[in-house]
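Asker: Quick one: this structure, given as structure tokens, is what I'll be asking you about.
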Amino acid sequence: MKKLQQKIGNWLTEHLELPPDVVLELPRITTIGQIHAYIENHHGLILFSDNELRLKMKQGYLKITGNKFVLKMMLPEEILLEGTIKEIVFIED
Amino acid sequence: MKQTQGVFFSGYVTIQVIGHHPELFFDLCAKKGVTVWNVKKRENTVCTGNIFLKDISLVKSLRRRTIYKITFLHKKGAPFLSRRILSKKPLLISLFLSILFVTFLSNIVWDVQVKGVHPEIEKRITKQLNEYGIYPGAMKFKLESPGEIQKKLLDDIPELLWVGVNEKGTTFHLEGVEKTVVDEREEHGPNHLIAKKEGVIVDMFVAKGQPIVKVNDFVEKGDLLVSGVLGKKNEETSKDEEGKKVNRGELVEAEGEIIAKTWYESEVTIPLKANYDILTGDSINKYFLTFGKFNLQIWGFKNPEYNQVQMELNERKFQFFQWDLPIGFVTQKVQEKELRRVERTQEEAVEAGIKQAKNNLQNKLGHEAEISFEKVLHERIENGKVKLILYFTARENIAITQPISQGD
């Protein structure tokens, strides 16, 4: 069932040009250089420390590492991260 | 970032969460709709973040279901600031008093400066101003408007030709121009006296110069009356003709008065019926404090039984430094007015017309002229008005000076 949903979603984004982050419920990550990362559509925070941020996605995790991390703003499903970002890693389970 | 704008005004607190994975508590808050910002991990089990003042109770209730410990670190923003200031009564009172004091000082005349006049007149102006209540230390809102002061000063000090009253903050700047009563003829050089209008000469007083005309002569406008060239008449004429050749006649500055009988026609229209208002002289003053548009009467509650009234408003704003405050002091002068209705017969109208025309003429000719009424040339009634053409004769000085060209 989930696979079918994803297939429909893929088809919708490809043929109707709907934004994929909305249709597929994927996080949209906007970064400004390495100082800011703005993550929308995440599914909850798992871990946050000075040099790591881990967010739950629909499937798997999003891991951002770096240093001097500060969560500049937290809203439901939105997080603005500030600091020096080294890498953004998608981890599938 | 829109969510965290204006946080100063709504007020916010920094909370410290202690516990295992403290960031998860902030995540919980965010999920419940609490805006959280500036989340920092201090230590492994310590996390700080900011929340709005209004969310505190919600956060507290969320905490109750968890094992985290919350401490409030800082309270920032206007609500806390105002509460802190409000708790300092002496500061508040002194602030209020100082504002009051400055307002009070802003409404005092600090200086009166008079410029452009001699010290003697300056002293008189200052004295007059004192009488009007304008002196350093006077309260400003009791004073009249600069325009009125100007008018009064001009009336009371006849030597002043013009005076400008300018109220600049707490200082009154006065600039006066005196009437110069200087004989300007002193350095004029030789001149003739000629007639400025036509007339029959009645009297002559020649101080200097050679009279050309005699009493009972008729002169036209521009005729030579007294020559500034001493010597024989023919010599003078020869000089005129031959230019510089004749040096015989000594040139002087002719002086004198030539009184001539002149005549005037004037036209006046006098209505047979006239309505006019006169003030009976009865008046009362009412005083108001104004706050914006709201007037609060503070004195003069008596309401006199006047049939007709004329109001005069004088509003003065309180000032704070140079700015006008919306608070003011209003003096309302209620004067009793009486409506007079005059109905004149034709004879009375004619009489009034003659008087009026004579006054007009006197004003035009100056107070030295003697005017006598001769007769009514024409009289007709039109639309309830009497139209008159009057004939006057006057005895006046018709001499004016005319410089003699030195001819070189």
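Top line first, the protein sequences correspond to chains A and B.
Everything in the first sequence is counted per our numbering, starting at 1 for the first residue and increasing by one.
Everything in the second sequence is counted per our numbering, starting at 1 for the first residue and increasing by one.
By construction, the Cβ of each residue, glycine as well, lies at the ideal position given by its N, Cα and C atoms.
Fair warning: this is a prediction, and the values are worked out from it, not measured in the lab.
1. Indicate whether B/Ala369 and B/Arg395 have their beta-carbon atoms separated by less than 8 Å.
2. Please list the segments of the beta strand (DSSP E) lying wholly inside the segment 47 to 108 of chain B, counting only runs of 3 or more residues, in order along the chain.
3. Once you ignore the five residues that flank B/Glu167 on each side, which residues in its own chain have a CB closer than 7 Å to its CB?
4. At the level of alpha carbons, what is the spacing between B/Glu338 and B/Tyr132?
5. Taking 8 Å as the limit between beta carbons, can you name the residues of its chain near A/Leu117, skipping five residues before and five after?
6. When we look at the beta-carbon of B/Arg83 and count the other beta-carbons within 10 Å, is it buried (16 or more) or exposed?
7. So which residues on chain A does B/Thr35 lean against when the C-beta distance must stay under 8 Å?
8. Could you tell me which of B/Phe205, B/Cys29, B/Glu379 and B/Gly49 sits nearest to B/Gln346, measuring between CA atoms?
9. Let's test the definition: count the other Cβ atoms within 10 Å of the Cβ of A/His42 and tell me whether it reaches 16, buried, or not, exposed.
10. Bridge partners of B/Asn314, per DSSP?
11. Which residues in the same chain as A/Gly9 place their Cβ atom closer than 6 Å to its Cβ, once the five residues preceding and following it in sequence are excluded?
12. Quick one: is B/Asp111 near chain A, going by C-beta distance under 8 Å?
13. May I ask which residues mark the beginning and end of the alpha helix (DSSP H) holding B/Gly353?
14. Are the segment 281 to 301 of chain B and the segment 251 to 269 of chain B touching by the rule of at least three beta carbon pairs closer than 8 Å?
15. Which class does B/Glu267 belong to by DSSP, given the choice of helix, strand or coil?
16. Please report the straight-line C-alpha distance between A/Asn67 and B/Phe320, rounded to a whole angstrom.
17. Measuring CA to CA, which of B/Thr170, B/Lys142, B/Arg341 and B/Ile149 is closest to B/Val456?
18. Considering only DSSP beta bridges, list what A/His36 is partnered with.
19. Could you give the DSSP three-state label for B/Gln5: helix, strand or coil?
20. With DSSP run on the structure shown, which of helix, strand or coil describes B/Pro17?
21. Below 8 Å between beta carbons: does that hold for B/Thr35 and A/Leu75?
22. According to DSSP, what are the bridge partners of B/Ile212?
23. Please confirm if the segment 15 to 34 of chain B is in contact with the segment 80 to 88 of chain A, defined as three or more CB-CB distances below 8 Å between the two stretches.
24. Between which two residues does the beta strand (DSSP E) containing B/His173 stretch?
25. From which residue to which residue does the beta strand (DSSP E) around B/Arg395 run?
26. Can you have a look at B/Arg316 and say buried or exposed, based on whether 16 or more other CB atoms are within 10 angstroms of its CB?
27. Cβ of B/Val117 within 8 Å of Cβ of B/Ile108?
28. Am I right that B/Thr171 and B/Asp111 are in contact with their C-beta atoms under 8 Å? What's the rounded C-beta distance?
Answerer: Checking against the coordinates, here is how it stands:
1. yes
2. 69 to 76
3. Pro146
4. 29 Å
5. An answer regarding residue 117 of chain A cannot be provided, because it is not within the stretch 1 to 93 covered by chain A.
6. exposed
7. Met73, Met74 and Leu75
8. B/Glu379
9. buried
10. B/Thr331
11. Val23 and Leu24
12. no
13. Gln346 to Leu365
14. no
15. strand
16. 55 Å
17. Any property of residue 456 of chain B remains undetermined from this structure, which presents chain B solely from 1 to 408.
18. A/Ile32 and A/Glu82
19. coil
20. The amino acid occupying residue 17 of chain B in the given sequence is Val; Pro does not appear at that position. If DSSP states are grouped into helix, strand and coil, B/Val17 belongs with the strands.
21. yes
22. Its beta-bridge partners do not exist; DSSP assigns none.
23. no
24. Thr171 to Glu178
25. Lys385 to Asn397
26. buried
27. no
28. 4 Å
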